[in-house]
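**Q**
Next comes the structure, spelled out in structure tokens:
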């Protein structure tokens, strides 16, 4: 592999590395690796070998060292670290919470800002809202089941949308025969063969830079009816724009970017349904925006981002948080787009408090309640 | 260095002790991970909030091992080729011009024009070509700011430590460098890259650890004041600012207070010097809203 010694055959290394471990340690280690793999950690044979190699090098003071040595090899993110710690704790201390552990893992994914009790209260509020506006909501629903796989138009539209959103000219230059500007450095180099007389000219033009997109999608009760359409939209956009990020929220906030990267639409729909258990709950727009501003938009990369929020604005959280976070968001990203499926209905006015609070900080407020409005949406977004 | 030879660090405690000599307080998890990275010859991926000391680990490691540190700062649009090498065109052209004055054999000219003196070694090639005596520490900072193509390229380099320069030949590292990667977690890194590395999340330090860091890095500060500073910083980190202050800010603030000859931490002190700790106007306003006095008492409402 490297250095002066002949390359070590990794297969030969396996037995020696593992066989030098005392038997109980070996058994425990392999069991832990198996449990880690069941907990969705990236446990590969190569990593197991490295675990064995690690164990040989450390004089263990306590089981903590053992845990750390395994963890650093098997985990690749903070979330995975925490998952591994739980697996280890369950295994090592034999706590009878295997069932609880599994639920615990899922709760981890759905971690929100409120605890259980408050969540229930918000469900009631939404229930009330829905009662009064249910009729109107359902009347305005032109979308629902129309947007299924057999409907090509949305694919098309989404792709166009994504392409428009995706690009803008960059300051960086790339070589191009038809470029406007002359690249002096490359021209000089090329002309070396002509004895430094400028016979050939190398040109450059501006590179096209991919915009980053962050999608914040409301999947709470009041938005329930739009789900299939929204899913298609999110899926389509995520596929077109490789560096887009998608976050769904109701009362909890979950990033589903990696889930959406899978290939088959069906599989993705299923996976999203499983991971995002809070699919139709209450709404905390402020919480979602807070999470967006604090974790997902780090400094430096935010300036070229376009933030797209898809929500009807009905909110059960604190309105001043929405105002505050929208103001901050507006300042950090390039453009803020708000897509409201209710907008465009004849009687629409931003009654929802959340919507009112957010309105002053929105650059582009767009409708999206049927196929036609979607076309309008694409057109408008092209100007973003 | 292979495992048959002496390991780089004798023990986890040795790592801690040696790091401490350079005023870096490493907890057991970090020390253990560093030792494993050296023993297994695997790159080390450090993630954590801004200002917790990820970059410092590489610097201190280089100091401890008495070897240079080569730094590759990643940014959006970083071009893979730029990280390897570039030819010094201007110098080459000058050389050719001068050679035109005196007749010179062409083969000789060709050999020299693509020689080492005209090659600008960029960080990755520099790390590979490092002659020794010990392997160099290669810090790849903020790798999450580069793009996926760059990560794929990096993966290749980290596997072989081999670079081909068409005009010269292939360089293979005699001693593969100690590689430290840092990430601010702005985006997910490629799975393959993550699996290649040992991983550690570095959190904000516990109060006593932070106190020790301040006492070591800011000689001359009174222990009582350091205690108060630590308490304030711990309270501040509970507030959801846009940018929570890290250890770097604790040290800066301590230095500032020492420099201003301030002995006591009063509410006005915190309000006046907030700019050292918080870098966003919104955050400073938030501080004022909550009230410096409240924070110093340990409350966070």
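Chains as they are written, first to last, in my numbering: chain A, 47 to 430; chain B, 284 to 584.
Virtual Cβ for every residue (Gly too), placed ideally from N, Cα, C.
Since this is a predicted model, take the numbers as computed values, not measurements.
Within the chosen definition, does the region 445 to 453 of chain B reach the region 296 to 306 of chain B through at least 3 CB pairs nearer than 8 Å?
**A** Segments in contact, no.
**Q** Is residue 158 of chain A buried or exposed, if buried means 16 or more other CB atoms sit within 10 Å of its CB?
**A** Here residue 158 of chain A corresponds to residue number 112 of the first chain, with the count starting at 1. Because the pLDDT of residue 158 of chain A is 29, which lies under 50, any placement of that residue in the model is unreliable, and the number read from its coordinates should be weighed accordingly. Label assigned to residue 158 of chain A: buried.
**Q** Taking DSSP as the reference, what is the three-state secondary structure of residue 446 of chain B?
**A** By one-based count along the second chain, residue 446 of chain B stands at place 163. Strand.
**Q** Give a yes or no on whether the minimum CB-CB distance between residue 461 of chain B and chain A is below 8 Å.
**A** Residue mapping note: residue 461 of chain B aligns to position 178 of the second chain, counting from 1. Not one chain A Cβ lies under 8 Å of residue 461 of chain B.
**Q** At what residue ranges does the region 485 to 553 of chain B contain a whole run of the alpha helix (DSSP H), taking only runs of 4 or more?
**A** With a minimum length of 4 residues, the continuous alpha helix (DSSP H) runs that stay inside the region 485 to 553 of chain B are 490 to 500, 506 to 519 and 530 to 542.
**Q** Thinking C-beta only, is residue 343 of chain A closer than 8 Å to residue 379 of chain A?
**A** For the purposes of this step, residue 379 of chain A is taken as the residue at position 333 of the first chain. For the purposes of this step, residue 343 of chain A is taken as the residue at position 297 of the first chain. Taking 8 Å as the Cβ cut-off, residue 379 of chain A and residue 343 of chain A qualify as a contacting pair.
**Q** Taking Cβ positions, are residue 446 of chain B and residue 411 of chain B nearer each other than 8 Å?
**A** The sequence position of residue 446 of chain B within the second chain is 163, counting from 1. The sequence position of residue 411 of chain B within the second chain is 128, counting from 1. Yes, the Cβ-Cβ distance between residue 446 of chain B and residue 411 of chain B is below 8 Å.
**Q** Where residue 122 of chain A and residue 476 of chain B are concerned, what is the direct C-alpha to C-alpha distance, given to the nearest angstrom?
**A** Locating residue 122 of chain A in the first chain gives position 76, where the first residue counts as 1. Locating residue 476 of chain B in the second chain gives position 193, where the first residue counts as 1. Taking the straight line joining both Cα atoms gives about 10 Å.
**Q** For residue 316 of chain B, count the other beta carbons within 10 Å of its own beta carbon; 16 or more makes it buried, fewer makes it exposed. Which is it?
**A** In the second chain, counting from the first residue as 1, residue 316 of chain B sits at position 33. When all chains shown are included, residue 316 of chain B counts as buried.
**Q** Can you find a CB in chain A that lies within less than 8 Å of the CB of residue 322 of chain B?
**A** For the purposes of this step, residue 322 of chain B is taken as the residue at position 39 of the second chain. Yes - at least one Cβ of chain A is within 8 Å of the one on residue 322 of chain B.
**Q** Please check if any C-beta of chain A sits within less than 8 Å of the C-beta of residue 520 of chain B.
**A** Counting from 1 along the second chain, the entry for residue 520 of chain B is found at position 237. With 8 Å as the cut-off, residue 520 of chain B does not count as an interface residue toward chain A.
**Q** Less than 8 Å between C-beta atoms, sequence neighbours within five positions excluded: which residues of the same chain meet that for residue 339 of chain B?
**A** Here residue 339 of chain B refers to the residue found at position 56 when the second chain is read from its first residue. Taken in chain order, the residues that qualify are 307.
**Q** Say the cut is 7 Å; is the CB of residue 330 of chain B nearer than that to a heavy atom of the ligand SAH?
**A** Looking at this structure, you won't find the ligand SAH or any other ligand, since it has none at all.
**Q** Which chain A residues sit within Cβ distance under 9 Å of residue 340 of chain B?
**A** Mapped onto the second chain, residue 340 of chain B falls at position 57. Correct list: empty, because the minimum Cβ distance to chain A is about 14 Å.
**Q** Helix, strand or coil for residue 480 of chain B? Go by DSSP, reduced to three states.
**A** Counting from 1 along the second chain, the entry for residue 480 of chain B is found at position 197. It is coil, neither helix nor strand.
**Q** Can you give me, in chain order, the residues of the region 77 to 91 of chain A that have a beta carbon less than 7 Å from any beta carbon in chain B?
**A** So the close ones are 88 and 90.
**Q** Between residue 335 of chain B and residue 77 of chain A, what straight-line distance do the alpha-carbon atoms span, to the nearest angstrom?
**A** Numbered from its first residue, the second chain carries residue 335 of chain B at position 52. Numbered from its first residue, the first chain carries residue 77 of chain A at position 31. Each residue's Cα considered, the two are about 34 Å apart.
**Q** I'd like to know whether the C-beta of residue 127 of chain A is nearer than 8 Å to at least one C-beta of chain B.
**A** For the purposes of this step, residue 127 of chain A is taken as the residue at position 81 of the first chain. Yes - at least one Cβ of chain B is within 8 Å of the one on residue 127 of chain A.
**Q** So which residues on chain A does residue 528 of chain B lean against when the C-beta distance must stay under 8 Å?
**A** Counting from 1 along the second chain, the entry for residue 528 of chain B is found at position 245. None at all; the shortest Cβ gap to chain A is about 14 Å.
**Q** So with CB distances below 8 Å, who are the chain B contacts of residue 121 of chain A?
**A** As a working mapping, residue 121 of chain A is identified with position 75 in the first chain. Going along chain B in sequence order, the residues near residue 121 of chain A (Cβ under 8 Å) are 482.
**Q** Taking contact to mean 3 or more Cβ pairs, one atom from each stretch, closer than 8 Å, check whether the region 489 to 498 of chain B and the region 454 to 467 of chain B are in contact.
**A** No, they do not touch.
**Q** Closest by CA to residue 403 of chain B, which one among B:571, B:364 and B:302?
**A** If you number the second chain from 1, residue 403 of chain B lands on position 120. Nearest of B:571, B:364 and B:302 to residue 403 of chain B, Cα basis: B:364.
**Q** Hey, is the region 423 to 432 of chain B in contact with the region 349 to 362 of chain B, meaning 3+ C-beta pairs nearer than 8 Å?
**A** Touching, per the Cβ criterion.
**Q** Counting Cβ pairs, one atom from each stretch, are 3 or more of them under 8 Å apart for the region 539 to 558 of chain B and the region 496 to 509 of chain B?
**A** Yes: at least three Cβ pairs fall under 8 Å.
**Q** Cβ of residue 304 of chain A less than 8 Å from any chain B Cβ?
**A** Taking the first residue of the first chain as position 1, residue 304 of chain A is located at position 258. Yes, contact with chain B.
**Q** Would you list the residues sitting across from residue 453 of chain B in a DSSP beta bridge?
**A** As a first step, residue 453 of chain B is located in the second chain; it is residue number 170 there, counting from the start. Answer by DSSP bridge pairing, in chain order: B:447.
**Q** For the putative contact between residue 292 of chain A and residue 261 of chain A, defined by C-beta atoms under 8 Å, what is the C-beta separation to the nearest angstrom?
**A** One-based indexing of the first chain puts residue 292 of chain A at position 246. One-based indexing of the first chain puts residue 261 of chain A at position 215. That pair is a contact at about 5 Å.
**Q** Any idea what DSSP makes of residue 573 of chain B, helix, strand or coil?
**A** As a first step, residue 573 of chain B must be located in the second chain, where it is residue number 290. If DSSP states are grouped into helix, strand and coil, residue 573 of chain B belongs with the helices.
**Q** Taking residue 318 of chain B as the query, report the chain A residues whose CB atoms sit under 8 Å from its CB, ordered along the chain.
**A** By one-based count along the second chain, residue 318 of chain B stands at place 35. Here the neighbours are 103 and 104.
**Q** Using the rule of at least 16 other Cβ atoms within 10 Å of the residue's Cβ for burial, across every protein chain shown, is residue 161 of chain A buried or exposed?
**A** Along the first chain, read from residue 1 onward, the residue named residue 161 of chain A stands at position 115. Confidence at residue 161 of chain A is low in this model, with a pLDDT of 33, below 50, so its placement is unreliable and no value can be given for it.
**Q** When you compare the CB of residue 325 of chain B with every CB in chain A, is at least one pair closer than 8 Å?
**A** Counting from one through the second chain, the residue named residue 325 of chain B turns up at place 42. Yes, contact with chain A.
**Q** Measure the alpha-carbon distance for residue 410 of chain A versus residue 86 of chain A and round it to whole angstroms.
**A** Stepping through the first chain from its first residue, residue 410 of chain A is reached at position 364. Stepping through the first chain from its first residue, residue 86 of chain A is reached at position 40. Looking at the two C-alpha atoms, the distance is approximately 40 Å.
**Q** From residue 354 of chain A to residue 83 of chain A, what distance separates their C-alpha atoms?
**A** The residue labelled residue 354 of chain A in the question sits at position 308 within the first chain. The residue labelled residue 83 of chain A in the question sits at position 37 within the first chain. Roughly 36 Å separates the two Cα atoms.
**Q** Please give the ranges of any beta strand (DSSP E) in the region 335 to 389 of chain A, keeping only runs that are unbroken, at least 3 residues long and fully inside the region.
**A** Qualifying beta strand (DSSP E) stretches, in chain order: 351 to 356 and 381 to 386.
**Q** Where does residue 173 of chain A fall in DSSP's three states?
**A** Looking up residue 173 of chain A in the first chain gives position 127. Low confidence applies to residue 173 of chain A: its pLDDT is 36, below 50, so where it sits in the model is not reliable, and the reading given next is rough at best. Helix.
**Q** When we look at the beta-carbon of residue 228 of chain A and count the other beta-carbons within 10 Å, is it buried (16 or more) or exposed?
**A** Here residue 228 of chain A corresponds to residue number 182 of the first chain, with the count starting at 1. When all chains shown are included, residue 228 of chain A counts as exposed.
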